[in-house]
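Please read the structure below before turning to the comments.
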Amino acid sequence: MSDTGHSIEEIKKHVRVYMFVFASLAVLTVVTVVVGYLELPFAPALIVALLIATVKAGLVAAYFMHLVSEEQIVRWLVWLSLGLLLAMFLILSVYYVDQGGTEIFGF
Amino acid sequence: MADHAAVPEGHHGEDGHHESFWRKYIFSTDHKVIGIQYGITSLLFLLFGFSLVMLMRWQLAYPGQPVPLIGWLFSDDTMPGGVMLPEFYNQLGAMHGTIMVFLGIVPLAVGAFGNYVVPLQIGAPDMAFPKLNMASYWVFFVGGVIMLGSFFVPAGAAKAGWTSYAPLSVIESMGQTMWLISMVFLITSSLLGAVNFLTTIVQLRADGMGFMQMPFFVWAQFITSFLLLLAFPPLEAAAVLQLSDRLLDTSFFMPSGLVVSGEVVDVAGGGSPLLWQHLFWFLAHPEVYVLVLPAMGIVAEIIANNARKPLKGYKVLVYSLVFLGFMSFIVWAHHMFITGMGQVMSTFFQTTTMIISIPSVIILTALFLSLWGGSIRFTTPMLFALGFLPMFGIGGLTGLPLGLAATDIPLHDTYYVIGHFHYVVAPGTILALMGGIYYWFPKMTGRTMNDTLGKIHFWGTLVSMNFIFFPMLIQGLAGVSRRLYDGGQIYAHAQDVLVYNEVMSIAAWVLFVFQIPFIVNLLVSMKKGKAAADNHWNATTLEWSAAPSPPVGHGNFRDLPTVYRDPYEYSHPDHDEDYWPQDVPPAEASEN
Amino acid sequence: MQIPFTVAPRPDTGVNNAKLGVWLFLASEVMLFGGLFSAYIFLRIGAPEWPGMVGGHAYERASDILNVPLATLNTMVLIGSSVTMVMSWASLAMQRFDRYRLYMGATIALGFVFLVVKAFEYGEKFSHGYLPAENNFLAIYFVLTGLHGLHVIGGILVNMYFMWPGARMWKTDPKRFTNRIEIAGLYWHFVDLVWIFLFPTIYLL
Numbered sequence: 001m002s003d004t005g006h007s008i009e010e011i012k013k014h015v016r017v018y019m020f021v022f023a024s025l026a027v028l029t030v031v032t033v034v035v036g037y038l039e040l041p042f043a044p045a046l047i048v049a050l051l052i053a054t055v056k057a058g059l060v061a062a063y064f065m066h067l068v069s070e071e072q073i074v075r076w077l078v079w080l081s082l083g084l085l086l087a088m089f090l091i092l093s094v095y096y097v098d099q100g101g102t103e104i105f106g107f
Numbered sequence: 108m109a110d111h112a113a114v115p116e117g118h119h120g121e122d123g124h125h126e127s128f129w130r131k132y133i134f135s136t137d138h139k140v141i142g143i144q145y146g147i148t149s150l151l152f153l154l155f156g157f158s159l160v161m162l163m164r165w166q167l168a169y170p171g172q173p174v175p176l177i178g179w180l181f182s183d184d185t186m187p188g189g190v191m192l193p194e195f196y197n198q199l200g201a202m203h204g205t206i207m208v209f210l211g212i213v214p215l216a217v218g219a220f221g222n223y224v225v226p227l228q229i230g231a232p233d234m235a236f237p238k239l240n241m242a243s244y245w246v247f248f249v250g251g252v253i254m255l256g257s258f259f260v261p262a263g264a265a266k267a268g269w270t271s272y273a274p275l276s277v278i279e280s281m282g283q284t285m286w287l288i289s290m291v292f293l294i295t296s297s298l299l300g301a302v303n304f305l306t307t308i309v310q311l312r313a314d315g316m317g318f319m320q321m322p323f324f325v326w327a328q329f330i331t332s333f334l335l336l337l338a339f340p341p342l343e344a345a346a347v348l349q350l351s352d353r354l355l356d357t358s359f360f361m362p363s364g365l366v367v368s369g370e371v372v373d374v375a376g377g378g379s380p381l382l383w384q385h386l387f388w389f390l391a392h393p394e395v396y397v398l399v400l401p402a403m404g405i406v407a408e409i410i411a412n413n414a415r416k417p418l419k420g421y422k423v424l425v426y427s428l429v430f431l432g433f434m435s436f437i438v439w440a441h442h443m444f445i446t447g448m449g450q451v452m453s454t455f456f457q458t459t460t461m462i463i464s465i466p467s468v469i470i471l472t473a474l475f476l477s478l479w480g481g482s483i484r485f486t487t488p489m490l491f492a493l494g495f496l497p498m499f500g501i502g503g504l505t506g507l508p509l510g511l512a513a514t515d516i517p518l519h520d521t522y523y524v525i526g527h528f529h530y531v532v533a534p535g536t537i538l539a540l541m542g543g544i545y546y547w548f549p550k551m552t553g554r555t556m557n558d559t560l561g562k563i564h565f566w567g568t569l570v571s572m573n574f575i576f577f578p579m580l581i582q583g584l585a586g587v588s589r590r591l592y593d594g595g596q597i598y599a600h601a602q603d604v605l606v607y608n609e610v611m612s613i614a615a616w617v618l619f620v621f622q623i624p625f626i627v628n629l630l631v632s633m634k635k636g637k638a639a640a641d642n643h644w645n646a647t648t649l650e651w652s653a654a655p656s657p658p659v660g661h662g663n664f665r666d667l668p669t670v671y672r673d674p675y676e677y678s679h680p681d682h683d684e685d686y687w688p689q690d691v692p693p694a695e696a697s698e699n
Numbered sequence: 700m701q702i703p704f705t706v707a708p709r710p711d712t713g714v715n716n717a718k719l720g721v722w723l724f725l726a727s728e729v730m731l732f733g734g735l736f737s738a739y740i741f742l743r744i745g746a747p748e749w750p751g752m753v754g755g756h757a758y759e760r761a762s763d764i765l766n767v768p769l770a771t772l773n774t775m776v777l778i779g780s781s782v783t784m785v786m787s788w789a790s791l792a793m794q795r796f797d798r799y800r801l802y803m804g805a806t807i808a809l810g811f812v813f814l815v816v817k818a819f820e821y822g823e824k825f826s827h828g829y830l831p832a833e834n835n836f837l838a839i840y841f842v843l844t845g846l847h848g849l850h851v852i853g854g855i856l857v858n859m860y861f862m863w864p865g866a867r868m869w870k871t872d873p874k875r876f877t878n879r880i881e882i883a884g885l886y887w888h889f890v891d892l893v894w895i896f897l898f899p900t901i902y903l904l
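Residue numbers (the numbering used here), protein chains in the order written: chain A, 1 to 107; chain B, 108 to 699; chain C, 700 to 904.
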């Protein structure tokens with residue numbers, strides 16, 4: 001979000017968005033917990049939980065942290081660190097399977 | 108340009124004149140002072156780390172014999188009767204590695220040169236966050252004090268190597284806890300520094316300086332800072348986990364059923380020693396590039412300046428650097444081939460490792476080609492830069508067999524590896540850093556260093572370093588393990604190459620002797636060196652052309668410079684002088 | 700001496716120094732927690748059972764050991780504090796300093812509520828003798844939530860600074876102060892974001 005100043009009207013629009021995001025986050029939290037109590041098998045439970053968490057995190061990052069209207073340079077930085085993070089997760093997981101044929105999380 | 112020296116009175120009056128000694132020299136927020144603080148501290152640490160290894164080399168050359176002259180200085184816990192105990196040898200080894208890497212070279216290459224030179228080269232009045240900069244130095248300082256302090260705790264400093272492999276490091280004595288705490292400080296300091304460098308380079312470039320007008324040294328610091336920023340935190344995480352293993356008795360790195368001295372260790376188990384190696388090398392491979400990239404940057408500056416022609420393939424150099432930075436995050440497990448990696452992973456890491464050698468070769472080749480057809484001035488810094496090229500070449504090429512699992516497995520635990528990475532870091536990076544000191548000394552002090560002493564220093568260092576590290580490669584190929592307290596005496600296969608132990612040790616002490624002219628030169632030249640012109644080397648980059656030597660107090664420039672051209676316009680056909688500074692407006696040039 | 704672009708954004712990058720700086724810091728934080736999560740993944744793939752033996756009893760689900768209702772409450776608290784944080788920035792952008800005080804106060808209060816609930820949760824574990832040394836599940840739980848808790852404490856300290864001594868800047872340089880609240884907010888939202896991943900992966904899976 002550039003610092004060229006926001007008109008009061010604009011901010012009020014923002015505030016409505018914040019309230020909507022808040023409600024979505026609350027609902028999604030409840031959904032996560034309810035799914036948790038369903039005692040699904042591990043793989044679907046993992047996928048659902050990570051999916052919901054990613055959506056929630058995306059909402060926080062996009063609206064509360066203003067990434068949706070942020071400058072290119074910041075978005076690049078975010079993608080860079082997320083890319084490295086995923087590479088790290090992926091390589092470490094594959095490493096284990098590759099080593100002894102261990103099943104990952106029942107997949 | 109001479110009139111730059113005359114700083115108008117009162118220019119920096121509001122922040123320059125009435126600062127107390129403490130604000131001006133100790134808790135300064137001026138990047139130049141902080142750079143010099145980093146420089147002095149890291150040079151002292153380099154000397155200290157070198158002293159540790161000189162002691163070790165006595166034990167390796169003459170195992171079991173009392174150390175002459177200084178042996179009596181040590182306590183009975185370390186060297187009873189002057190004879191080194193194995194435990195003390197391990198302490199020296201671990202601390203030599205740690206101090207050289209984290210307290211010597213990184214703070215010298217990034218903390219000192221980066222801090223001093225980067226804002227000047229991009230035409231910035233200071234770093235973007237001066238207070239953070241000061242904090243970064245003092246956090247580093249505290250980390251260093253803790254690291255040194257660990258020698259004095261019961262059972263001495265850390266003994267598990269600079270890599271601190273678990274589970275050995277977890278069952279170690281208290282020194283290891285100090286090591287971990289110190290590392291947390293050092294990592295924090297690097298992170299603060301990296302945030303500051305990146306913000307400064309992105310935000311505070313002078314008018315007209317696009318990314319492709321930045322001097323190559325700034326690019327090197329830029330990529331280095333990214334590596335520090337993104338590779339160090341996993342090690343911080345790992346340090347926290349190991350601290351918790353040591354202090355809270357958790358088992359992150361402790362496998363089930365671990366037996367120490369015939370007894371099963373009383374922990375929950377289920378942890379993975381390999382996890383430590385993964386997290387450690389996730390940092391430590393990019394760390395190798397943190398050690399090398401600033402050196403490449405310094406060498407590029409010196410070569411362009413002394414060959415009096417633009418760098419060959421500046422853009423290619425920059426792209427190689429960026430690619431190198433990316434790739435360095437996905438090659439880490441080539442340090443772990445002997446851990447029994449599966450085929451898919453080992454193929455992956457061998458491939459990435461071979462790929463990452465390409466940009467390094469491009470950079471080295473471009474630097475060599477930059478010499479072609481130049482009218483080379485063999486100044487002292489240029490000698491060091493020229494020394495760097497073949498030395499780094501040997502270091503890089505000896506690394507290739509280590510990047511392939513089939514050849515790495517027999518070589519991995521031998522002196523070959525020690526020889527390889529020392530070629531990269533010692534005759535490679537350290538030569539370049541020394542060159543940087545000779546190159547920027549006139550900028551920092553307004554005086555020059557003595558050329559004769561400098562040349563003695565260079566030739567002595569170059570020759571003796573090769574006598575130290577080349578025999579290591581030979582010993583390693585003969586299969587001598589790198590972790591032997593007696594240098595391999597008891598092994599039949601080592602007998603033929605044992606003679607090199609003495610050669611290497613003597614060369615190490617000779618290397619020390621050749622550092623004396625450097626130390627004398629540095630100290631004497633500060634006060635008594637010949638006065639240097641503002642642009643002592645007739646250079647084109649902003650730190651020389653737009654700022655006096657030494658630069659004016661806090662703020663660097665009288666007026667922030669504007670950039671009109673690429674960084675290395677030497678011997679330009681449209682310009683009379685053989686250098687065309689970045690900040691000289693085109694109109695002024697026609698008057699010349 | 701004046702450092703350029705401390706308040707106004709640099710035209711070609713569109714951001715000011717502090718905003719770029721805090722995003723760089725957050726990128727490194729991503730890697731810090733990424734390292735910890737990697738450790739979690741690595742240990743969990745290698746573990747024959749998870750959460751495994753705790754207090755002499757083999758558990759099959761983390762939710763049987765940990766207190767999910769309390770953690771759900773804490774999730775709501777943290778999400779709520781993120782909303783009040785962003786509202787405190789919006790209030791300043793609308794020139795309503797009085798509302799800023801209110802929202803910032805609420806953010807700090809919610810931060811404390813989070814810590815109190817957390818302390819209660821830890822106390823419950825300790826009273827059963829469930830210490831980090833018990834097994835790797837509890838070790839991961841304590842270290843990850845503990846480090847997250849330290850980040851919450853850090854955030855509360857920053858927010859308290861801007862609530863009281865730092866708020867004087869509103870009178871002298873309101874634009875810069877608004878920027879500072881936005882930046883403090885970025886950090887606070889990040890702490891929230893980490894929790895959004897910690898909660899399902901540790902408590903529910």
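Don't be surprised by glycine CBs; every beta carbon is placed ideally from N, CA and C.
query = Hey, how far is the Cα of Phe-209(B) from the Cα of Met-443(B)?
reply = To locate residue 209(B), count along the second sequence from 1; it is residue 102. To locate residue 443(B), count along the second sequence from 1; it is residue 336. Answer to the nearest angstrom: the Cα atoms are 21 Å apart.
ask   = So, using beta-carbon positions, are Asn-834(C) and Val-753(C) closer together than 8 Å?
value = For the purposes of this step, residue 834(C) is taken as the residue at position 135 of the third sequence. For the purposes of this step, residue 753(C) is taken as the residue at position 54 of the third sequence. Contact: yes.
message = Could you tell me the alpha carbon to alpha carbon distance between Ser-182(B) and Phe-195(B), rounded to whole angstroms?
response = Taking the second sequence and counting its residues from 1, the one referred to as residue 182(B) is at position 75. Taking the second sequence and counting its residues from 1, the one referred to as residue 195(B) is at position 88. C-alpha separation (whole angstroms): 11 Å.
task = Please go through the same chain and pick out, in chain order, the residues whose beta-carbon is closer than 7 Å to the beta-carbon of Gly-481(B), but skip the five residues on each side of it.
result = Working through the second sequence from its first residue, we reach residue 481(B) at position 374. The answer, listed in chain order, is Ala-414, Arg-415 and Lys-416.
Residue from Val-190(B), Gln-166(B), Pro-693(B) and Leu-151(B) whose Cα sits closest to the Cα of Met-207(B) = Here residue 207(B) corresponds to residue number 100 of the second sequence, with the count starting at 1. Comparing Cα positions, the closest option is Leu-151(B).
message = If contacts are defined as beta-carbon pairs under 8 Å, then Gly-404(B) and Ala-327(B) qualify, I think. What distance do you get, rounded to the angstrom?
response = Position 297 of the second sequence, counting from 1, holds the residue named residue 404(B). Position 220 of the second sequence, counting from 1, holds the residue named residue 327(B). Their Cβ separation, rounded to whole angstroms, is 3 Å, which keeps Gly-404(B) and Ala-327(B) in contact under 8 Å.
ask   = From the beta carbon of Gly-447(B), is the nearest beta carbon of chain A less than 8 Å away?
value = Counting from one through the second sequence, the residue named residue 447(B) turns up at place 340. Gly-447(B) counts as touching chain A.
request  = Could you tell me if Arg-75(A) is buried or exposed, where buried requires 16 or more neighbouring beta carbons within 10 angstroms of its beta carbon?
outcome  = For this step, residue 75(A) is matched to residue 75 along the first sequence. Arg-75(A) is exposed by the Cβ-count criterion.
request  = Have a look at Gly-535(B), Trp-547(B), Gly-583(B) and Val-425(B) and flag the residue whose alpha-carbon is nearest the alpha-carbon of Tyr-523(B).
outcome  = Against the second sequence, residue 523(B) aligns to sequence position 416. The shortest C-alpha separation from Tyr-523(B) is found at Gly-583(B).
ask   = Apart from the five residues just before and just after Val-776(C), which ones in its own chain have a Cβ nearer than 6 Å to its Cβ?
value = Counted from its first residue, the third sequence places residue 776(C) at position 77. Counting only Cβ-Cβ distances below 6 Å, and skipping sequence neighbours, we find Leu-809, Val-812 and Phe-813.
ask   = For the 8 Å Cβ check, are there 3 or more pairs between the region 555 to 562 of chain B and the region 628 to 640 of chain B?
value = yes
task = Report yes if the CB atom of Leu-77(A) is closer than 8 Å to the CB atom of Ala-726(C), and no otherwise.
result = Reading the first sequence from its first residue, position 77 is the one you call residue 77(A). Reading the third sequence from its first residue, position 27 is the one you call residue 726(C). Result yes, Cβ atoms of Leu-77(A) and Ala-726(C) sit closer than 8 Å.
is_contact[Thr-771(C), chain A] using C-beta, thresh 8 Å = Residue 771(C) sits at position 72 when you count from the first residue of the third sequence. It does; some Cβ of chain A falls within 8 Å.
key: Chain-order list of residues whose beta-carbon lies under 7 Å from that of Ser-427(B) (same chain, five-residue window excluded)   = By one-based count along the second sequence, residue 427(B) stands at place 320. Same-chain partners within the cutoff: Pro-466, Ile-469 and Ile-470.
ask   = List, in order along the chain, the chain B residues whose C-beta lies closer than 9 Å to that of Met-19(A)?
value = As a first step, residue 19(A) must be located in the first sequence, where it is residue number 19. The premise fails here: Met-19(A) is roughly 33 Å from chain B at the closest Cβ pair, so nothing lies under 9 Å.
ask   = Hey, how far is the Cα of Arg-672(B) from the Cα of Gln-689(B)?
value = For the purposes of this step, residue 672(B) is taken as residue 565 along the second sequence, with counting starting at 1. For the purposes of this step, residue 689(B) is taken as residue 582 along the second sequence, with counting starting at 1. For Arg-672(B) and Gln-689(B), the distance between alpha carbons rounds to 5 Å.
task = Can you check DSSP and say which residues form a bridge with Arg-554(B)?
result = Stepping through the second sequence from its first residue, residue 554(B) is reached at position 447. Ala-638(B).
query = Are the C-beta atoms of Trp-722(C) and some chain A residue less than 8 Å apart?
reply = In the third sequence, residue 722(C) corresponds to position 23, counting from 1. Taking Cβ atoms only, chain A reaches closer than 8 Å to Trp-722(C), which makes this a yes.
task = Using 10 angstroms around the beta-carbon of Tyr-95(A), count the other beta-carbons present and answer buried if the total reaches 16, otherwise exposed.
result = Along the first sequence, read from residue 1 onward, the residue named residue 95(A) stands at position 95. By the neighbour-count rule (16 or more Cβ atoms within 10 Å), Tyr-95(A) is buried.
task = Using DSSP bridges, identify the partner residues of Asp-593(B).
result = The sequence position of residue 593(B) within the second sequence is 486, counting from 1. Partner(s): none; Asp-593(B) has no beta bridge.
query = Could you give the distance in angstroms between the alpha-carbon of Phe-292(B) and the alpha-carbon of Phe-236(B)?
reply = In the second sequence, residue 292(B) corresponds to position 185, counting from 1. In the second sequence, residue 236(B) corresponds to position 129, counting from 1. Using only the alpha carbons, I get a separation of about 19 Å.
ask   = Is it the case that the Cβ atoms of Leu-398(B) and Thr-536(B) are separated by a distance below 8 Å?
value = Looking up residue 398(B) in the second sequence gives position 291. Looking up residue 536(B) in the second sequence gives position 429. Going by C-beta atoms, Leu-398(B) is nearer than 8 Å to Thr-536(B).
query = In or out: Ala-119(A) buried (at least 16 other Cβ within 10 Å) or exposed?
reply = No information on residue 119(A) is available, as it lies outside the stretch 1 to 107 that chain A covers here.
query = Which residue from Leu-667(B), Leu-167(B), Gly-567(B) and Leu-334(B) puts its Cα closest to that of Leu-400(B)?
reply = Numbered from its first residue, the second sequence carries residue 400(B) at position 293. The candidate whose alpha carbon is nearest that of Leu-400(B) is Leu-334(B).
query = Nearest to Asp-641(B) by CA position, among Glu-609(B), Pro-534(B), Met-551(B) and Ile-437(B), is which residue?
reply = For the purposes of this step, residue 641(B) is identified with residue 534 of the second sequence, where counting begins at 1. Ranking the options by Cα distance to Asp-641(B), first place goes to Met-551(B).
task = Check the Cβ of Ser-93(A) against every Cβ in chain C and list those closer than 7 Å, keeping chain order.
result = Residue 93(A) sits at position 93 when you count from the first residue of the first sequence. Correct list: Ile-740 and Ile-744.
Closest residue to Val-252(B) among Met-191(B), Met-290(B), Tyr-396(B) and Pro-488(B) (Cα-Cα distance) = Stepping through the second sequence from its first residue, residue 252(B) is reached at position 145. With distances taken between Cα atoms, Val-252(B) lies closest to Met-290(B).
message = Let me confirm a value: Met-88(A) is counted as buried when at least 16 other C-beta atoms fall within 10 Å, else exposed. Which label applies?
response = The residue given as residue 88(A) occupies position 88 in the first sequence. Met-88(A) should be labelled buried.
inquiry  = Please list, in chain order, the chain A residues whose beta carbon lies closer than 8 Å to that of Leu-337(B).
reply    = Against the second sequence, residue 337(B) aligns to sequence position 230. Those within 8 Å of Leu-337(B) in chain A are Leu-80, Ser-81 and Leu-84.
Coil, strand or helix - Gly-733(C) by DSSP = Reading the third sequence from its first residue, position 34 is the one you call residue 733(C). Here Gly-733(C) sits in helix by DSSP.
ask   = Going by DSSP, what residues sit across from Val-659(B) in a beta bridge?
value = Position 552 of the second sequence, counting from 1, holds the residue named residue 659(B). Partner(s): Asn-663(B).
inquiry  = Using only the alpha-carbon positions, how far apart do Ala-789(C) and Val-15(A) sit?
reply    = Translated into positions along the third sequence, residue 789(C) becomes position 90. Translated into positions along the first sequence, residue 15(A) becomes position 15. If I take the Cα positions, the gap works out to 7 Å.
task = Assign His-756(C) to buried or exposed, taking buried as 16 or more other Cβ atoms, counted over all protein chains shown, within 10 Å of its Cβ.
result = If you number the third sequence from 1, residue 756(C) lands on position 57. When all chains shown are included, His-756(C) counts as exposed.
request  = Just tell me which of Met-281(B), Ala-265(B) and Leu-298(B) has its CA closest to the CA of Ala-242(B).
outcome  = Here residue 242(B) is taken as the residue at index 135 of the second sequence, counted from 1. Taking only the C-alpha atoms, the option nearest Ala-242(B) is Leu-298(B).
ask   = Do we get a CB-CB distance below 8 Å when we pair Gly-754(C) with the residues of chain A?
value = As a first step, residue 754(C) is located in the third sequence; it is residue number 55 there, counting from the start. By this cut-off, Gly-754(C) is not an interface position.
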